[in-house]
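Mapping of the sequence shown onto this note's numbering: residues 12 to 375, in sequence order.
The C-beta atom is built at its ideal place from N, Cα and C for all residues, glycine as well.
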Amino acid sequence: MNQNDIKINVVRSSMAPFDEYTAEIRELWDSHWLTNNGIKHRTLTENLKKYLSADNLTLFVNGHLALETLIAAFGLTGEVITTPFTFVSTTNAVTRNGLKPVFCDIREDNYTIDADKIEPLITEKTSAIIPVHVYGNICDTEKIDRIAKKYGLRVIYDAAHAFGVSVGGINAANLGDASMYSFHATKVFNTIEGGCATYRDPGLAPRLDCMKNFGVDSPENIVYAGGNAKMNEFAAAMGICNLRHVDGEIEKRRLVDERYRNNLSGKDGIKLNPVCADVKRNFAYFPVVFDGAYNRDDIADRLAANGIFARKYFYPLTNNNTCYGFEGDRTPVAESISEKVLCLPMYADLSADDVDRICKIILS
Ligand SMILES: *Cc1c(COP(=O)(O)O)cnc(C)c1O
12 MNQNDIKINV VRSSMAPFDE YTAEIRELWD SHWLTNNGIK HRTLTENLKK YLSADNLTLF
72 VNGHLALETL IAAFGLTGEV ITTPFTFVST TNAVTRNGLK PVFCDIREDN YTIDADKIEP
132 LITEKTSAII PVHVYGNICD TEKIDRIAKK YGLRVIYDAA HAFGVSVGGI NAANLGDASM
192 YSFHATKVFN TIEGGCATYR DPGLAPRLDC MKNFGVDSPE NIVYAGGNAK MNEFAAAMGI
252 CNLRHVDGEI EKRRLVDERY RNNLSGKDGI KLNPVCADVK RNFAYFPVVF DGAYNRDDIA
312 DRLAANGIFA RKYFYPLTNN NTCYGFEGDR TPVAESISEK VLCLPMYADL SADDVDRICK
372 IILS
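Below, the structure is given as structure tokens:
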């Protein structure tokens, strides 16, 4: 097969060796315990607490329901200040809890919520701030914390992109009141589908456990009209295996990132994701903002014509999605970035030759 016939997608899931996974799930055929806080669930919880340096961690069937359940567990009301430059999950988690998202614009330099623009959006109905560490870029947490403290607001981070990222030696799992991680197949660390909540208050643990299991407190006592958001044993086993390899996968991503930067940095009209000295990165995505001589849509089309499928993350903005009927809080910076950004293929096994080929098509 000609190399040009091989499709390259924006991501490719990391998978531990097949034999390692089958060995991990073997005992499930002895126990017949397939879900509801089984041995794999408990083991993965402990392993992740260690990996993320998190004292309090609850697994979920996916990242979205971790966030939705966190919002409910904190009893948030009224309005939540958040970013439109994200995956729809963040916005949906707010609206599905009956709350109103109030959209704050983003920073031009790292695409996270612009903390200087939060205060004017606060009203007496505001109960929380839900920022996103977009592309693994850590938000201005100090400023956000200061505002939250001043107005008595909760801070819940969508950390779906930030697995393994730390800032000034502090793992992102320990920022704000709580954080949500996604372990979806496309993320740096995956359990096929999955996610977790990390949080400061240990008192939240029994509430989250109960809420993710129909609100069942004990077999004859239902304390909350909960849904079902439990992670099963096969997903947890996949997580146990993948976690053993995640550092190696992140190192391979680092080399891909480096190769892209060697090809693309210093070019007029091409802006790469910023690098912060005190941040340990996970190389989750390779977003490029195209400008000037480079047109994002043309580049995406040209790559697709060569079997390379980059993605317009995040376009459109969630506040421009017609399904919500928002009147549209104006977020001009987010709007401009979302028109120009393209996430290039990024995964551990992307070869240097493929990176070079992708860059050559972009620069031609
Ligand atoms: C992936 C993702 C989610 C949702 O996570 P799931 O595990 O797919 O439910 C939420 N927010 C962001 C920013 C994401 O990228």
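Query, Result
"Given Asp212 as reference, the closest of Tyr358, Ile181, Thr69 and Phe225 once Cα atoms are compared", "Thr69"
"Contiguous alpha helix (DSSP H) assignments of at least 4 residues, all confined to the stretch 63-117", "74-84 and 99-106"
"Cys370 to Asn273 span [Cα, whole Å]", "10 Å"
"7 Å Cβ cutoff met for Lys223 and Lys241", "yes"
"Boundaries (first-last residue) of the beta strand (DSSP E) holding Asp228", "Val227 to Ser229"
"Residues sharing a beta bridge with Cys221, DSSP", "Cys221 pairs with nothing; no bridge assigned."
"Presumed contact (8 Å Cβ cut-off) between Ile19 and Ile348, rounded CB distance", "That belief does not hold up - the Cβ atoms of Ile19 and Ile348 are roughly 24 Å apart, past 8 Å."
"Same chain, Cβ closer than 8 Å to Lys278, neighbours up to 5 away in sequence not counted", "Leu374"
"Under the three-state DSSP convention, the category Asn192 falls into", "First, the residue type needs correcting, since residue 192 is Tyr and not Asn in the sequence shown. Looking at Tyr192 - three-state DSSP - the assignment turns out to be strand."
"Ala139 in three-state terms, based on DSSP", "strand"
"Entirely enclosed alpha helix (DSSP H) segments - the stretch 338-369, minimum 4 residues", "343-351"
"Same chain, Cβ closer than 7 Å to Ile310, neighbours up to 5 away in sequence not counted", "Phe301, Leu353 and Ile373"
"Among Lys291, Pro285 and Ala189, nearest to Glu262 - alpha-carbon criterion", "Lys291"
"Ligand 1 heavy atom lying under 6 Å from the CB of Thr202", "no"
"Close Cβ partners of Tyr326 (< 8 Å) along its chain, the five nearest in sequence each way excluded", "Ser349, Glu350 and Val352"
"Helix, strand or coil at Cys252 [DSSP, three-state]", "helix"
"Under 7 Å between C-beta atoms of Ala321 and Leu328", "no"
"Buried versus exposed, by CB contacts within 10 Å (16 or more), Asp308", "exposed"
"Heavy atom of ligand 1 within 6 Å of Asp243 beta-carbon", "Reading the sequence as shown, one finds Asn at residue 243 and not Asp. Result no, Cβ not under 6 Å from ligand 1."
"Contact check, His256 vs Ala27, beta carbons under 7 Å", "yes"
"For Val199, the residue or residues it bridges with in DSSP", "Val199 pairs with nothing; no bridge assigned."
"Proximity test, Cβ basis, 7 Å: Leu132 and chain D", "In the structure shown, chain D does not exist; there is a single protein chain."
"Same chain, Cβ closer than 7 Å to Ala359, five either side skipped, listed in chain order", "Ser25, Glu260, Lys263 and Arg264"
"Collapsed DSSP secondary structure at Asp169 in the structure displayed", "strand"
"Beta-carbon proximity of Thr93 to Ile155, cut-off 7 Å", "no"
"DSSP state of Arg53 mapped onto helix, strand, coil", "helix"
"His75 classed as buried or exposed, judged by whether at least 16 other C-beta atoms fall within 10 angstroms", "buried"
"beta-carbon Asp212 near ligand 1 non-hydrogen atom, thresh 6 Å", "no"
"Where Val105 falls, given that 16 or more other Cβ within 10 Å makes a residue buried", "buried"
"Option in Phe71, Cys115 and Thr80 with minimal Cα separation from Val91", "Cys115"
"Three-state secondary structure assigned by DSSP to Ile261", "helix"
"Lys282 classed as buried or exposed, judged by whether at least 16 other C-beta atoms fall within 10 angstroms", "buried"
"Terminal residues of the alpha helix (DSSP H) in which Ala34 lies", "Phe29 to Ile36"
"Three CB pairs or more closer than 8 Å across the stretch 163-178 and the stretch 36-52", "no"
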